[in-house]
Amino acid sequence: MELKYLGHSCFQIQFNGKTLLFDPFITGNPLAKEVRFDDICPDYILLSHGHGDHVMDAISIASRSKALIISTYEIVSWFEKQGISGIPMNTGGKKQLEFGWVKLVNAIHSSVLPDGTYGANPVGFCIYHENGCFYYAGDTALTMDMQLIPKICPPLDVAILPIGDHFTMGYEDAILAAQFVQCQHVVGCHFNTFPAIEIDNEKVRSAFEQAGMKITIPSINEQYSF
Ligand code: NI
Ligand code: MN
Numbered sequence: 004m005e006l007k008y009l010g011h012s013c014f015q016i017q018f019n020g021k022t023l024l025f026d027p028f029i030t031g032n033p034l035a036k037e038v039r040f041d042d043i044c045p046d047y048i049l050l051s052h053g054h055g056d057h058v059m060d061a062i063s064i065a066s067r068s069k070a071l072i073i074s075t076y077e078i079v080s081w082f083e084k085q086g087i088s089g090i091p092m093n094t095g096g097k098k099q100l101e102f103g104w105v106k107l108v109n110a111i112h113s114s115v116l117p118d119g120t121y122g123a124n125p126v127g128f129c130i131y132h133e134n135g136c137f138y139y140a141g142d143t144a145l146t147m148d149m150q151l152i153p154k155i156c157p158p159l160d161v162a163i164l165p166i167g168d169h170f171t172m173g174y175e176d177a178i179l180a181a182q183f184v185q186c187q188h189v190v191g192c193h194f195n196t197f198p199a200i201e202i203d204n205e206k207v208r209s210a211f212e213q214a215g216m217k218i219t220i221p222s223i224n225e226q227y228s229f
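One point on numbering: in the working numbering, the residue at position 221 of the sequence shown is 224, and numbering is uninterrupted.
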């Protein structure tokens with residue numbers, strides 16, 4: 004899989020021939036000014052919850068790319084009212100699509116859509132096919148439920164976890180989360196976008212190193228292969 008970081012919690016991931024876009028928040032993110040917004044053309048847009056810093060650009064990208072939204076029933080219904088199609092699911096469910104399986108897993112956070120509409124429970128995603136599996140945690144606290152992931156999904160190649168603290172778990176908890184999901188390689192997200200979630204890269208790296216794990220603190224517009 005090829006992963007491109009577009010800032011905050013937004014990743015464009017090439018997986019088994021399809022382009023998946025997670026939690027697009029680009030035009031509202033001053034750190035993502037260099038991202039070529041008009042070039043983003045996914046097949047699917049996966050939304051972990053309804054907060055603006057995760058859904059802000061979903062309508063414009065979906066309208067021009069015809070990408071389908073994958074999220075909870077409530078979030079997909081909200082987009083459908085605005086003419087955007089999607090695949091409504093809910094926590095615990097999985098579905099096979101052309102690129103592989105999508106399974107919605109628990110996340111501990113809150114969720115409301117930009118106009119105040121109820122955004123249902125937030126979710127994380129496990130995405131897998133025969134040759135690869137990754138976990139996109141979304142905005143979440145550390146939760147014991149993460150221990151279920153190795154029991155219900157293939158072994159993870161990479162876990163994309165929030166590390167910025169304050170609104171989600173911080174890097175110390177992300178180390179435990181990586182242990183819970185049994186994944187040695189973490190890609191961090193949800194850091195540095197706002198002052199409250201600024202991180203010290205060296206501190207984060209050395210904490211992971213001491214725990215015997217690898218963390219990639221991604222740079223915006225950079226591409227990574229797993
Ligand atoms: Ni949030
Ligand atoms: Mn957030």
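In this text, a Cβ means the ideal position worked out from N, Cα and C, and glycines have one as well.
Per-residue burial, residue i [other beta carbons within 10 Å of its own, 16 or more giving buried]
{"i": "Ser66", "result": "exposed"}
{"i": "Pro27", "result": "buried"}
{"i": "Ser88", "result": "exposed"}
{"i": "Thr30", "result": "exposed"}
Reference residue i, options the options, closest by Cα
{"i": "Gly95", "options": "Leu159, Val126, Phe82 and Phe170", "result": "Val126"}
{"i": "Ser113", "options": "Phe170, Gln17, Asp148 and Ser88", "result": "Phe170"}
{"i": "Gln185", "options": "Glu101, Lys206, Pro157 and Tyr174", "result": "Pro157"}
{"i": "Lys7", "options": "Pro91, Pro45, Pro198 and Gly135", "result": "Pro45"}
{"i": "Asp142", "options": "Ile16, Asp56, Asn32 and Asp203", "result": "Asp56"}
{"i": "Ala162", "options": "Glu37, His132, Cys136 and Lys206", "result": "Cys136"}
{"i": "Pro198", "options": "Lys106, Asn32, Arg208 and Val79", "result": "Asn32"}
{"i": "Val108", "options": "Trp81, Val190, Phe82 and Gln150", "result": "Gln150"}
{"i": "Leu179", "options": "Ser209, Met216, Gly103 and Asp160", "result": "Met216"}
beta-carbon residue i near ligand 2 non-hydrogen atom, thresh 7 Å
{"i": "Leu169", "result": "Looking at the sequence shown, residue 169 is not Leu but His. His169 Cβ: outside cutoff for every heavy atom of ligand 2."}
{"i": "His132", "result": "no"}
{"i": "Asp118", "result": "no"}
{"i": "Asp176", "result": "no"}
{"i": "His193", "result": "yes"}
First and last residue of the uninterrupted beta strand (DSSP E) at residue i
{"i": "Asn109", "result": "Gly103 to Asn109"}
{"i": "Leu50", "result": "First-last for Leu50: undefined, no H or E at that position."}
{"i": "Thr22", "result": "Lys21 to Phe25"}
{"i": "Ser228", "result": "Gln226 to Ser228"}
{"i": "Lys7", "result": "Glu5 to Tyr8"}
{"i": "Ile16", "result": "Phe14 to Phe18"}
Cβ-heavy atom distance, residue i to ligand 1, below 7 Å
{"i": "Asp60", "result": "no"}
{"i": "His11", "result": "no"}
{"i": "Asp142", "result": "yes"}
Residue span of the alpha helix (DSSP H) that contains residue i, given as start and end
{"i": "His57", "result": "Gly55 to Val58"}
Which runs of the beta strand (DSSP E) fall wholly inside the segment 153-218 and span at least 3 residues, in chain order?
Those beta strand (DSSP E) runs which fall completely within the segment 153-218 and span 3+ residues are 161-165 and 188-192.
Scan the segment 60-136 and note each continuous beta strand (DSSP E) run of 3 residues or more that stays entirely inside, going in chain order.
The segment 60-136 is shown to contain whole beta strand (DSSP E) runs of 3 or more residues at 71-75, 89-92, 97-100, 103-109 and 126-132, in chain order.
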